[in-house]
Amino acid sequence: MKNAVVAAALIAAAVSLALTAEARSLEAIRAGGTLRQCAHPNALPFASRHGATQGFQIELGEAIAKQLGLAHEPVWIIGPSQFGRAGCDIVTDAIADTEAQQESGLQISSPYYRTGVVLAVRDDSPVTSVATMDRQAKIGVMVGSVAAMTFRQAGFTTSTFGFEDEMLQALADKEIDAAAVSRAAAGYFSVTHEGKPMHVVDIDSLAPGLSWNVGVGMVKPDSKLREVVDAALQQLKADGAIQRIYARYGVTLQPPH
Numbered sequence: 025m026k027n028a029v030v031a032a033a034l035i036a037a038a039v040s041l042a043l044t045a046e047a048r049s050l051e052a053i054r055a056g057g058t059l060r061q062c063a064h065p066n067a068l069p070f071a072s073r074h075g076a077t078q079g080f081q082i083e084l085g086e087a088i089a090k091q092l093g094l095a096h097e098p099v100w101i102i103g104p105s106q107f108g109r110a111g112c113d114i115v116t117d118a119i120a121d122t123e124a125q126q127e128s129g130l131q132i133s134s135p136y137y138r139t140g141v142v143l144a145v146r147d148d149s150p151v152t153s154v155a156t157m158d159r160q161a162k163i164g165v166m167v168g169s170v171a172a173m174t175f176r177q178a179g180f181t182t183s184t185f186g187f188e189d190e191m192l193q194a195l196a197d198k199e200i201d202a203a204a205v206s207r208a209a210a211g212y213f214s215v216t217h218e219g220k221p222m223h224v225v226d227i228d229s230l231a232p233g234l235s236w237n238v239g240v241g242m243v244k245p246d247s248k249l250r251e252v253v254d255a256a257l258q259q260l261k262a263d264g265a266i267q268r269i270y271a272r273y274g275v276t277l278q279p280p281h
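Numbering (our numbering), first residue to last: 25 to 281.
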């Protein structure tokens, strides 16, 4: 799981770069019979090419491909430079924001959930909101992160970490009182560490910019691809498939704003 935060950063960086690979039209995708999806090979809960646990990005990509009557092909990338040459058709968990995607060359589907940074606390914690937190409480933060700066400026005591799973383990071991982590990291830690119950508290009141809508990114300019992906997402959402996929990794989907 240490690679999860690295993978998330790589994907975010990748979709912020102009794509150099030639886009495939929906017609070309259908002719080839395969929907290609870029993902990191070792970044659970996002994606993994090893073992039976695939990650929610891959499971969602497979579900979309099935809705379109296509086979699914993961295209494994390690960094942004590979993404530009990979020739993939979709990227899941792309930030659904026009400004964020100005230079990406991606069209974004209708958002299907909202994610971002949350505050993980143990189940025995009295904390129900950031506003009521004791400023002496020790909060774990990622080194150099916006969350770290935000909590320090708000007068909280912070403790820095290099990886989210290490921070969550410190929370479980009562070395810190709360942890500023992604929803995915908090959820996955809970399902993979029995006997260490914790829950999350929203921090939108303190840092609204640390939450964002998420959709599927698709290479421009083929509008037909966006239409069919939107339709597939609507069907998967209506029958509960998207919620079930993420729930297997401990993530309860929040509705997009």
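Think of the CB as a built atom: it goes at the ideal place given N, C-alpha and C, for glycine as much as any other residue.
| Check | Outcome |
| --- | --- |
| Where S169 falls: helix, strand or coil (DSSP) | coil |
| Beta bridge counterpart(s) of H223 as assigned by DSSP | V145 |
| Neighbour-count burial assignment, H64, 16 or more Cβ in a 10 Å radius | buried |
| Endpoints, alpha helix (DSSP H) assigned at V252 | S247 to A262 |
| Where the alpha helix (DSSP H) containing A54 begins and where it ends | One detail in the question is off: residue 54 reads as Arg in this sequence, not Ala. Residues L50 to G56. |
| Nearest to K196 (by Cα), restricted to the options F175, I163 and D228 | According to the sequence displayed, residue 196 carries Ala and not Lys. Taking only the C-alpha atoms, the option nearest A196 is I163. |
| Coil, strand or helix - L94 by DSSP | coil |
| Own chain, CB closer than 8 Å to A161, minus 5 neighbours either side, in chain order | V151, F180, T181, D201 and A202 |
| DSSP three-state assignment for V99, whether helix, strand or coil | strand |
| Own chain residues within Cβ distance below 6 Å of A89, not counting five before or after | L59 and H96 |
| Check whether D189 and F213 have beta carbons under 8 Å apart | yes |
| Buried versus exposed call for S215 [16 or more other C-beta atoms within 10 Å across all chains shown] | Note on residue identity: the sequence assigns Val, not Ser, to residue 215. Burial call: exposed. |
| Own chain partners of D121 with C-beta closer than 6 Å, once the 5 adjacent residues on each side are dropped | none |
| Whole-angstrom C-beta distance between V224 and L143, which should lie under 8 Å | 7 Å |
| For D201, the three-state DSSP class (helix, strand or coil) | coil |
| Endpoints, beta strand (DSSP E) assigned at A118 | I114 to I119 |
| Counterpart residues of R138 in DSSP-defined beta bridges | N237 and Q278 |
| Classification of E83 by the beta-carbon crowding that lies within 10 angstroms, buried from 16 upward | buried |
| For V215: DSSP bridge partner residues | DSSP lists no partner for V215. |
| Collapsed DSSP secondary structure at R176 in the structure displayed | helix |
| Where E147 falls, given that 16 or more other Cβ within 10 Å makes a residue buried | Sequence inspection shows Asp at residue 147; the Glu mentioned does not correspond to that position. Looking at its Cβ environment, which holds fewer than 16 other Cβ atoms inside 10 Å, D147 is exposed. |
| Own chain residues within Cβ distance below 8 Å of L17, not counting five before or after | The chain is shown only over 25 to 281; residue 17 falls outside these bounds and no answer can be derived. |
| Q78 and I114 closer than 8 Å at C-beta | no |
| Three-state secondary structure assigned by DSSP to V154 | helix |
| Per-residue burial, T174 [other beta carbons within 10 Å of its own, 16 or more giving buried] | buried |
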